[in-house]
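Colleague: Below: one structure in structure tokens.
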DNA sequence: CGCCCCGTTGAGGAGAGTCAATGGCTGTGG
DNA sequence: CCACAGCCATTGACTCTCCTCAACGGGGCG
């Protein structure tokens with residue numbers, strides 16, 4: 002669960018004893034192969050998920066076959082905190098690479114949060130960040146050109162991937178196809194291919210072996226109007242949000 | 002607060018004594034004029050908001066002037082539950098019509114939730130619904146044609162508006178400009194105007210006095226691939242999610 | 001070895017954008 | 001009471017980004 006700890010620590014360092022709480026949760030580990038569904042639309046959702054290894058996508062399908070990927074899920078990401086309201090999933094989650102995923106029962110998770118305010122704060126922050134990522138995806142798809150969309154997405158993935166790995170570099174592993182990128186960005190795979198070729202020609206990125214190197218991050222960020230504020234990786238000024246403690 | 006009660010009751014009816022809890026919150030009412038900012042990007046967020054009257058928009062601006070409206074906020078909507086993590090706002094919220102808005106202090110709100118599980122469940126559901134609306138907005142902007150986007154948005158607004166009013170009809174008040182619609186849907190005002198004219202010609206909608214009548218909701222929903230599952234207005238099967246009660 | 005998936009490239013088409021002009025409505029001030 | 005400014009919706013003509021259809025080639029894998 003190192004990826005999860007790296008992620009949550011972006012918000013606030015988590016002391017060992019509190020982290021140990023996580024180890025006592027009622028949880029279950031599963032492995033998914035590429036293309037396997039982790040959550041199916043319409044299924045009841047009563048567990049939360051943590052990705053330990055691999056990439057997954059959350060998407061919706063239209064009845065005529067069009068697909069829109071809503072977001073990418075990377076190691077360390079926590080998802081479906083919404084499951085705590087025990088509704089039915091309104092979307093599908095599928096593994097794109099081999100994934101190790103931990104499921105935690107709703108009740109077990111809630112009681113852990115109620116015992117530890119810092120943990121609750123960190124998970125709440127993760128939920129806030131997830132929502133901010135969705136909002137930024139709306140801006141990306143709604144108002145950016147193809148080139149800007151691709152660069153913007155690469156920059157986000159680079160930041161998020163490194164956050165899970167607890168490092169900082171200009172390399173992004175990109176274990177997905179042009180079609181996946183296209184379906185995330187509201188484009189076609191043909192146009193993604195063309196645009197990325199142009200970006201390579203323009204020395205914005207290099208590609209090798211399912212990984213992208215961003216040649217000049219500052220320049221690319223400017224071209225793509227990428228501002229990482231929305232990832233909320235800076236520490237809040239006020240102390241962690243307080244949940245009622247069980248006395 | 003009737004709009005809020007109507008909204009939350011979609012999830013689960015709220016008994017009077019529990020509702021009365023809401024009246025005891027530490028809150029403050031403010032009126033905003035059209036164009037006034039309710040939340041500015043970069044400001045610390047430490048309160049939650051409820052819209053009592055009027056429409057507001059949440060948007061992000063690019064440095065070159067492009068604007069993307071992330072979502073519309075209608076009477077009864079609760080927003081910035083994210084504020085509970087006391088981060089800085091990564092977007093701006095502006096009144097589009099005159100708005101009455103109630104602010105509730107974070108601490109007061111949290112303690113009310115901790116005293117009432119049904120209330121906590123209802124607000125959690127509102128947060129889940131808000132996120133589902135964002136996801137659907139991504140699908141709309143990413144994969145639908147101009148005509149589909151507009152129809153889809155109108156159907157969503159119709160459902161949400163009627164939810165706040167506690168009724169069900171085919172009329173949507175639409176107190177916004179073509180430019181607002183365009184900036185929400187990733188289009189230009191010119192194209193929105195053209196497309197809506199075509200929709201009027203095709204007898205899909207009628208417009209009169211800043212209100213739209215949807216002539217055949219079922220047909221429009223089919224054309225626009227609108228499926229209201231994402232609004233989660235059906236009741237969950239399991240009982241409300243339990244928060245730890247203060248003993 | 002051969003299949004299939006994926007990325008790439010080309011040619012042509014369509015949906016949405018840009019630029020620009022017009023007209024209605026509303027509010028305001030002489 | 002009328003004139004005028006400002007905003008908004010609409011429409012036309014033209015442009016351009018991105019899509020569609022299609023062909024080709026490379027690489028992984030049975």
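Protein chains in written order, with the working numbering: chain A, 2 to 248; chain B, 2 to 248.
Note that the Cβ used here is the ideal one computed from N, Cα and C, for glycine as well.
#1: Under a CB-based cut-off of 8 Å, is residue 230 of chain B close to chain A?
#2: Could you give the C-beta distance for residue 53 of chain A and residue 4 of chain A, rounded to a whole number, given that I count them as a contact under 8 Å?
#3: Give the DSSP-derived three-state secondary structure of residue 206 of chain A in the structure shown.
#4: Please work out which residues of its chain come closer than 7 Å, Cβ to Cβ, to residue 72 of chain B, disregarding the five sequence neighbours upstream and downstream, and give them in chain order.
#5: Taking the alpha-carbon of residue 202 of chain A as reference, which of A:210, A:189, A:216 has the nearest alpha-carbon?
#6: Spell out the partners DSSP gives residue 14 of chain B in its beta bridges.
#7: For the segment 127-143 of chain A, which residues have a CB atom closer than 7 Å to at least one CB atom of chain B, in sequence order?
#8: Quick check on residue 163 of chain B: does DSSP put it in helix, strand or coil?
#9: With respect to the alpha helix (DSSP H) encompassing residue 130 of chain A, which residues constitute its N-terminal and C-terminal limits?
#10: By Cβ distance below 8 Å, which residues in the same chain neighbour residue 211 of chain A in space, the five residues on each side in sequence not counted?
#11: Have a look at the DSSP bridge pairing and note the partners of residue 69 of chain B.
#12: Does the segment 143-153 of chain B come close enough to the segment 62-79 of chain A that 3 or more CB-CB pairs lie under 8 Å?
#13: Can you give me the Cβ contacts of residue 186 of chain A inside the same chain, cut-off strictly under 8 Å, excluding the 5 residues immediately before and after it?
#14: Going by C-alpha distance, which of A:92, A:198, A:121, A:13 is nearest residue 23 of chain A?
#15: In the structure shown, what three-state DSSP assignment does residue 249 of chain A receive?
#16: Would DSSP call residue 149 of chain A helix, strand or coil?
#17: Please report the residue range of the alpha helix (DSSP H) in which residue 98 of chain A lies.
#18: Please decide whether residue 91 of chain A counts as near chain B, where near means a Cβ-Cβ distance under 8 Å.
#19: Determine the chain B residues that contact residue 122 of chain A at a beta-carbon separation under 8 Å, and present them in chain order.
#20: Is DSSP giving residue 246 of chain A helix, strand or coil here?
#21: Could you compute how far the alpha carbon of residue 41 of chain A sits from the alpha carbon of residue 32 of chain B?
#22: Locate the beta strand (DSSP E) running through residue 181 of chain B, then write down its first and last residues.
#23: Apart from the five residues just before and just after residue 39 of chain A, which ones in its own chain have a Cβ nearer than 8 Å to its Cβ?
#24: Could you pull out every residue in the same chain whose Cβ sits closer than 6 Å to the Cβ of residue 70 of chain B, ignoring the five residues on either side in sequence?
Modeller: Looking at the coordinates:
#1: yes
#2: 6 Å
#3: strand
#4: 59, 134, 135, 138
#5: A:216
#6: None; residue 14 of chain B has no bridge partner.
#7: Answer in chain order: 129, 132, 133, 135, 136, 138, 139, 140, 142, 143.
#8: Residue 163 of chain B falls in the helix class under three-state DSSP.
#9: Taken as a continuous stretch (DSSP letters only), the alpha helix (DSSP H) holding residue 130 of chain A covers 118-144.
#10: Around residue 211 of chain A: 174, 175, 176.
#11: In DSSP, residue 69 of chain B forms a bridge with B:61.
#12: The segment 62-79 of chain A vs the segment 143-153 of chain B: in contact.
#13: 141, 142, 147, 150, 151, 154, 193
#14: A:121
#15: Past the boundaries of the shown model lies residue 249 of chain A; chain A is included only from 2 to 248, so the question cannot be answered.
#16: In the structure shown, residue 149 of chain A sits in a helix (DSSP, three-state: H, G or I).
#17: Careful: residue 98 of chain A lies outside any alpha helix (DSSP H) and carries neither H nor E.
#18: yes
#19: 86
#20: Model confidence at residue 246 of chain A stands at a pLDDT of 39, short of 50, so the residue's coordinates are unreliable and nothing is read from them.
#21: 43 Å
#22: Segment 179-186 is the alpha helix (DSSP H) holding residue 181 of chain B; no beta strand (DSSP E) there.
#23: Same-chain partners within the cutoff: 33, 50, 57, 94, 95, 96, 100, 102.
#24: 58, 60, 184, 185
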